[in-house]
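Step one of this worksheet: look at the structure below.
Residue numbers (the working numbering), protein chains in the order written: chain F, 15 to 425; chain H, 21 to 452.
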């Protein structure tokens, strides 16, 4: 490679400034002014059509123009300039819509409710002392631990078992995968009906309460308000089980079996204080994602060479031993990927809470709390603080994934 | 007081013409708000004659996520011409942050406005002595729903005082039934029904509206003996055995919209699940299909009973308030129209309308359903007598009014009367 002259270097710098700085700026300003004038002149509907046509033409013009300018530079430097040309706009977009908001959120989290004055770490102190925030953080931890581990555990079992099916595997897997196709909002609405409560004399339309009040107890006949042979059968008798507002229970004290438990005992006190509503909301997410995990795991299990499995079986390993010593190590990276995905999904979990309880009765999660602080209490500082907390929780996962990616590419 | 519709429109156009505003034909005015469904249709219909007369196209767009959307729009500067908030606190908030145009700049006759809507209602949209909010609709909360036929069949009479109501409740319990329907679960707002009860009791105990106003502005602490007295009376309803159908479990778990359903369902002996349900006028929209048709005819209301007989009759309510984001000529014309007595004419005559004008000069005989006339008259009378008060929890800082007050009322329902002091102390501590 021949040594570049001073002049050539200068020329390259000048051209890269022209192509990647000055020209896109002119391009942007021209477009902005054009659209500002157009907004005044033509109707909104027409403007949308115009924006689509002109906008795409402009994107073409941008790259065409940048390419023309780069062609003027010395041949040796062209390649790196072209690369920058293609990476530039996306980097610019990412910084505009991702880095800038993230940094600004961090900045706002140190300011007061209307972002007027700096308040130091006041918002962070609030985040770790306010009783409601503490409950929210507690819930987030419960969700992380149980949802992620249960989705992985049940997903693995279902994936392993579906692989053992002789026929109907595709059908079985598509059934299991089905909840994934339902939106979180739809799933929450379905489960809301399952947990539905009506005040006692009314017919219970929730499936759990419907079954509960129909159980004959202590020799009493109980029914969910059915008329049989013209006789009305209800569950008004004190011996019948009462319906329970499942999403409104913060502990188990309303369930009859806890009456006999000793509230001072260590284990039984944990059991009595189990946040039932949070647990039942987690069921929604586990139901939704187990099928997804199972299908991914099943694909991973399929990729295991049959020789290894057969070798294990010939050596006399039990089914469980094969699963533990061959299957698990073989699909370890798949498990990590699904686990990472689940952790991020749980940290972002919003729609389930928003649709079902909206965070009432100690069921809140960070993402909903963030919105509550923004729109309900109109406290932008605290809202930004919650956003930063979520971000900090996701950060190690992003870093971990990036590190693993690098390892993979190096090896 | 009542002017024919046409004359007011002619006057309006004359005034606009005289101002040199020129023709506003074809100008578009946008309004956003939280009204959706049939309320949205009604609100749009209110402008039909106005548009025909002035040529100003008023487009209203409602959203059930309005309060979040308008926050974002205000932050980004992409606002409509008007926003119609379901509570005046948000108007004050927006005005404090400098987004709203004072009514004076919109050419509104402020004395006339105060006269039409009462100085109390107008005062809710004031920041530093400047009027920003335009009153619009009002609703009445101080009402108890009951079925006269069921009362007559059992020889019960409508209670006029709290003691009579308790005596009636005891009578109903003695007859083996439950007197009250009470459900306060509401996604993200659970507990507000109990705060409404507290407010109704506060208005009728202590010094009436005076102590109520002090309570709202935090001139008396939240754990003041007067507030404690109100909480004790509420706890009497919530926690006395058999008073509420389903007990405290039902209070906490029942969605407020389903709370009255037991009243409409009869058991094997033909007894309804409950006899009385204290809830605002909009609950008719949540009734089962069959009951909605005759809303207010079979199931009707009596006023919330008085507690301290020395205090004048008071009314608790809520209402919508709008704020304007600019002072264009078309905006001015729409603002003036929305403050006129005729604004609700087209809304009132609609079937199934549940919205009531807050204008004291409104012709209540226009309401299509008879119950709206009763409610409208009560509101107008209370406004004129300065005994109408707004929902206190809407006026308190959001940390309290939409936070701790609601939450502690839920906790109170669960924990029982022994929790009253803790509940009030917790709310007091959370006051910013």
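We treat Cβ as the ideally placed atom computed from N, Cα and C, and that holds for glycine.
- Annotated three-state conformation of residue 194/H is helix, per DSSP.
- Per DSSP, the unbroken beta strand (DSSP E) holding residue 341/H starts and ends at 335-344.
- Sorting 123/H, 118/H, 113/H by C-alpha distance to the C-alpha of residue 353/H places 123/H at the top.
- Not a single CB atom of chain F sits nearer than 8 Å to the CB of residue 79/H.
- By a beta-carbon distance limit of 8 Å, residue 112/H does not contact residue 150/H. Their separation comes to about 11 Å.
- By the Cβ criterion, the region 210-221 of chain F is in contact with the region 246-258 of chain F, since at least three pairs of Cβ atoms, one from each stretch, lie closer than 8 Å.
- For residue 153/F, the three-state secondary structure derived from DSSP is helix.
- With 16 or more other Cβ atoms inside 10 Å of its own Cβ, residue 280/H counts as buried.
- Counting every other CB atom within 10 Å of its CB across the protein chains shown gives residue 19/F a total below 16, marking it as exposed.
- Here residue 104/H carries a strand assignment [DSSP, helix/strand/coil].
- At a cut-off of 8 Å between beta-carbon atoms, residue 360/H makes no contact with chain F.
- The beta carbon of residue 245/F is closer than 6 Å to none in its chain, skipping five residues each way along the sequence.
- According to the DSSP secondary-structure assignment, residue 240/F is paired through a beta bridge with 247/F.
- When 419/H, 438/H, 89/H are compared, the shortest CA-CA separation from residue 447/H is found for 419/H.
- Assignment of residue 356/F by DSSP, reduced to helix, strand and coil, places it in the helix class.
- The continuous alpha helix (DSSP H) containing residue 42/F extends over residues 37-55.
- Considering only beta carbons, the part of the region 205-222 of chain H lying closer than 7 Å to chain F consists of 205, 207, 208, 210, in chain order.
- Shown here for residue 193/F: same chain residues with a beta carbon closer than 6 Å to its own, the five before and five after excluded, namely 301, 302, 305 in chain order.
- Using a CB distance cut-off of 8 Å, residue 419/H counts as an interface residue toward chain F.
- Remark: C-beta atoms of residue 155/H and residue 137/H approach each other more closely than 8 Å.
- Counting other Cβ atoms within 10 Å of its Cβ, residue 378/F reaches 16 or more and is therefore classed as buried.
- If the five residues before and after residue 316/F are omitted, its C-beta is found closer than 8 Å to the C-beta atoms of 177, all from its own chain and listed in chain order.
- Counting only the Cα atoms, residue 251/H lies some 32 Å from residue 284/F.
- Taking 8 Å as the cut-off, the beta carbon of residue 391/F is found no closer than this to the beta carbon of residue 294/F.
- Restricting attention to 286/H, 301/H, 303/H, the CA atom closest to the CA of residue 295/H is found in 286/H.
- Residue 54/H counts as buried, since at least 16 other C-beta atoms from the protein chains shown sit within 10 angstroms of its C-beta.
- Of the candidates 50/H, 316/H, 357/H, 316/H places its Cα closest to the Cα of residue 389/H.
- None of the residues of the region 176-188 of chain H has a beta carbon lying less than 8 Å from any beta carbon of chain F.
- For chain H, the residues of the region 263-286 of chain F that bring a beta carbon within less than 7 Å of one of its beta carbons are 268, in chain order.
- Taking a beta-carbon distance threshold of 8 Å, residue 337/F does not count as an interface residue toward chain H.
- Using a Cβ distance threshold of 8 Å, residue 176/H and residue 160/H do not count as a contacting pair.
- Only exposed fits residue 130/F, as fewer than 16 other CB atoms lie within 10 angstroms of its CB.
- Annotation for residue 433/H: 258, 268, 271, 272 place their beta carbon closer than 6 Å to its own, counting only its chain and skipping 5 residues before and after.
- Judged by beta-carbon spacing, residue 370/H lies within the 8 Å limit of residue 65/H, meaning their Cβ atoms are closer than that value.
- Rounded to the nearest whole angstrom, the CA to CA distance from residue 166/H to residue 324/H is 12 Å.
- Within the same chain, and ignoring the five residues on either side of residue 238/F in sequence, the residues whose Cβ sits closer than 7 Å to its Cβ are 217, 218, 224, 227, 228, 249.
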